[in-house]
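Residue numbers (the numbering used here): 0 to 394. Working notes, beginning with the structure itself.
Here it is in structure tokens:
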């Protein structure tokens, strides 16, 4: 008999993964080329050649006992220094290796940050639409999720509701920009306003409120969009980063957590995060991939492919009558479903061999997510299916 808590999680397993499995079944039945699976955010472009070369070079040049052995729970000092130097050069920050903890992807980083600072019963705020796994991360630390309703006009932050819902029990706010599922980037004015709200609420309640930035899509931006680096605006900020998307390495589970020296109780927070890496079972981030990151930091896969897919889809869907806020980044699009029931809409989409994810999964009913990290031909082949799906509801 499994635990009651896990029993609920098993029953309510990820809708995204469920649609992904449905897509595989449809591909087996109809042929992969006849199914347009936009369910899973799995990068569709290969990693840079330098990643493979770095792996070979490391295994040939560095001591096996060093490469495959334990290191500090926070990660290799030289790799952390390399990451810090890159951030300083790119964002005008002032970090060193003591501000960086290597993590098991961004998910690992968010989990250890929450573990380090959250007491049972404290509130963690998320802004809809949001990545559904945040619910599980909050549950992992016995926190209480508080949802801010979506601003469906432009998918910015609903500041009025945020101010109302921050309470003396608020411990952290998770933000995701560029955003999954909308592709929206929170601009500098939004970030300044957010920082001002949090500063005012900390002063009002005499508490510490942490801002946790989830940033695996930072490099996936279009049209010159700028993603502010949040530690420059609010000192109690963690930044969780993953190389899953920028380097097309989702299965390698490698990322880092940035903790600015200005953060309240900095030394204890860093210590708690490093220990959380161990006690949550990670121990440390994968050793070989840490060494790889030390050699390829700042490089990316050819992410322009995603912008091309976005342009094709956005132009076609808006012509077919779909309403959508144009993405500024990521490889996701979040149109309105043509009928209010987004789950029914996604079920109907399967009749046209389209595999989509209902917006309800992200706390935003009436929409659906398209993960267009697929090859260009799949995008082009899918257009007629999207057109027929729209026409289905015009009969």
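In this text, a Cβ means the ideal position worked out from N, Cα and C, and glycines have one as well. Computed from a predicted model, the values in this text were never measured in an experiment.
* Buried or exposed: which applies to residue 122, given that a residue is buried once 16 or more other Cβ atoms fall within 10 Å of its Cβ? -> Flag for residue 122 reads buried.
* **Range covered by the beta strand (DSSP E) that runs through residue 369** => In the DSSP assignment, residue 369 falls within the beta strand (DSSP E) that extends over 367-370.
* Relative to the alpha-carbon of residue 127, which residue among 28, 146 and 116 has its alpha-carbon at the smallest distance? -> 146
* Would you give the residue range spanned by the beta strand (DSSP E) that residue 220 belongs to? => Per DSSP, residue 220 belongs to no beta strand (DSSP E) and is neither H nor E.
* Identify which residue in 231, 109 and 158 has its Cα closest to the Cα of residue 175. => 109
* Beta-carbon spacing of residue 336, residue 365 below 7 angstroms -> yes
* To do: State the Cα-Cα distance for the pair residue 93 and residue 307, rounded to the nearest angstrom.
  => 35 angstroms
* Who pairs with residue 107 in a beta bridge, going by DSSP? -> None, per the DSSP bridge assignment.
* Asked: Exposed or buried, which one is residue 191 when buried takes at least 16 other CB atoms within 10 Å?
  -> exposed
* Quick one, are the C-beta atoms of residue 396 and residue 228 less than 7 angstroms apart? -> What is shown of the chain runs 0 to 394, which leaves residue 396 out entirely.
* From 284, 382 and 310, pick the residue whose C-alpha is nearest to that of residue 74; which is it? -> The shortest Cα separation from residue 74 among 284, 382 and 310 belongs to 284.
* For the alpha helix (DSSP H) containing residue 41, list its first residue and its last residue. => Segment: none, residue 41 is in no alpha helix (DSSP H) and carries neither H nor E.
* CB of residue 160 within 7 angstroms of CB of residue 196, strictly -> no
* Which partner residues of residue 170 appear in the DSSP bridge assignment? -> In the DSSP output, where bridge partners are listed per residue, residue 170 has none listed.
* Tell whether a beta-carbon distance below 7 angstroms holds between residue 184 and residue 320. => no
* **DSSP state of residue 256 mapped onto helix, strand, coil** => strand
* To do: Measuring alpha carbon to alpha carbon, tell me which of 269, 272 and 180 ends up nearest residue 402.
  => No answer is possible for residue 402: it lies beyond the span of the chain, which begins at 0 and ends at 394.
* To do: Flag this pair as touching only if the region 383-394 and the region 59-74 have three or more C-beta atom pairs under 8 angstroms; answer yes or no.
  => Contact annotation: the region 383-394 does not touch the region 59-74, with fewer than three C-beta pairs closer than 8 angstroms.
* Taking one C-beta from the region 285-296 and one from the region 256-268 each time, how about it: are there three or more such pairs within less than 8 angstroms? -> no
* If you count every other CB in all the chains shown that lies within 10 Å of the CB of residue 338, and 16 or more means buried, which is it? -> exposed
* **Where residue 130 sits in the DSSP three-state scheme** => coil
* To do: Could you say which of 69, 297, 362 and 303 lies nearest to residue 88 if we only look at CA atoms?
  => 297
* If you count every other CB in all the chains shown that lies within 10 Å of the CB of residue 129, and 16 or more means buried, which is it? -> buried
* Where does residue 217 land, buried or exposed, given buried means 16+ other C-beta within 10 angstroms? -> buried
* To do: With a 10 Å radius around its C-beta and 16 neighbouring C-beta atoms as the bar for buried, classify residue 275 as buried or exposed.
  => buried
* Just reading off the beta strand (DSSP E) that residue 293 is part of, what are its end residues? -> Taken as a continuous stretch (DSSP letters only), residue 293 belongs to no beta strand (DSSP E), being part of the alpha helix (DSSP H) at 286-295.
* Asked: Straight-line CA distance for residue 90 to residue 99?
  -> 15 angstroms
* Between residue 238 and residue 214, which are expected to be in contact by the criterion C-beta below 8 angstroms, what is the C-beta distance as a whole number of angstroms? -> 6 angstroms
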